[in-house]
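Undergrad:
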Amino acid sequence: MSGMTRCAVLLALLALALTSANASSVAPGAFDPAATVSVLCAPGYAPAHRLVSRSTKTKIFVRDGVPAAARRGWVIDHYIPLELGGTNVDANLAAQPKDEAHRKDLDEDRLHEAVCSGSMTLAAARAEMTHHWRR
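The opening position of the sequence shown corresponds to residue 127 in the working numbering, with each subsequent residue numbered one higher.
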């Protein structure tokens, strides 16, 4: 392989690696690996972790393009819900219309119950949330 071809291959591999790294950094959802089923199924876990600051909420509204005048009809919600071990980092937060958030709450409750009853794995529940509720 010539030096020029080798250089082109290396540049292509570098571009692919950078694209993959950037894609994973913007994929929705983030969870706490220490949030196991036994931890998540204990009463009070989600309320104790619901700590999203006003400044973070504002940042997410701006990022997601929700104008200040329209925000009364929106909430900041978690891709992976707290009751499935989701975190409060920006990658796991999104602006969502209130009516849609209420529908999503039904999925969250159903999946939490399935995980706690042992009829679904935590990983499968998290995957379902990020698959069905994307930015």
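Even glycine gets a Cβ: it sits at the ideal position worked out from N, Cα and C.
1. Between 228, 202, 234 and 255, which lies nearest to residue 180 when the distance is taken from Cα to Cα?
2. Label residue 232 either buried or exposed according to how many other C-beta atoms from any shown protein chain fall within 10 Å of its C-beta, with 16 as the threshold for buried.
3. Note down, in chain order, each residue of its chain lying with its Cβ closer than 8 Å to the Cβ of residue 187, except the 5 sequence neighbours on either side.
4. Which residues mark the beginning and the end of the alpha helix (DSSP H) in which residue 227 is found?
5. When you compare the CB positions of residue 249 and residue 240, do they come within less than 8 Å of one another, or not?
6. Could you spell out where the alpha helix (DSSP H) holding residue 206 opens and where it closes?
7. Tell me which residue opens and which closes the alpha helix (DSSP H) that residue 164 is part of.
8. Between which residues of its own chain and residue 167 is the CB-CB distance below 6 Å, once the five residues before and five after are set aside?
9. In the DSSP output, which residue or residues are listed as bridge partners for residue 219?
10. Report the CB separation of residue 208 from residue 156 in whole angstroms; it is logged as a contact under 8 Å.
11. For the alpha helix (DSSP H) that residue 248 lies in, which residues bound it at each end?
TA: With the structure as the only source:
1. Stepping through the sequence shown from its first residue, residue 180 is reached at position 54. Measuring from the Cα of residue 180, the nearest candidate turns out to be 202.
2. Against the sequence shown, residue 232 aligns to sequence position 106. Exposed: under 16 other Cβ atoms inside 10 Å.
3. The residue given as residue 187 occupies position 61 in the sequence shown. Within the same chain, residue 187 has close Cβ partners 194, 197, 200, 202 and 221.
4. Here the question's residue 227 lines up with position 101 in the sequence shown. Start and end: 224-243.
5. Residue 249 sits at position 123 when you count from the first residue of the sequence shown. Residue 240 sits at position 114 when you count from the first residue of the sequence shown. Cβ distance not < 8 Å, so residue 249 and residue 240 don't count as in contact.
6. In the sequence shown, counting from the first residue as 1, residue 206 sits at position 80. Run containing residue 206: none; DSSP gives neither H nor E here.
7. Locating residue 164 in the sequence shown gives position 38, counting from the first residue. Start and end: 163-166.
8. The residue labelled residue 167 in the question sits at position 41 within the sequence shown. Excluding residues within five positions, the ones whose Cβ falls inside 6 Å are 242.
9. Locating residue 219 in the sequence shown gives position 93, where the first residue counts as 1. In the DSSP output, where bridge partners are listed per residue, residue 219 has 204.
10. Locating residue 208 in the sequence shown gives position 82, counting from the first residue. Locating residue 156 in the sequence shown gives position 30, counting from the first residue. At roughly 11 Å, the Cβ-Cβ gap does not stay under 8 Å, so residue 208 and residue 156 are not in contact.
11. Taking the sequence shown and counting its residues from 1, one reaches residue 248 at position 122. Taken as a continuous stretch (DSSP letters only), the alpha helix (DSSP H) holding residue 248 covers 248-258.
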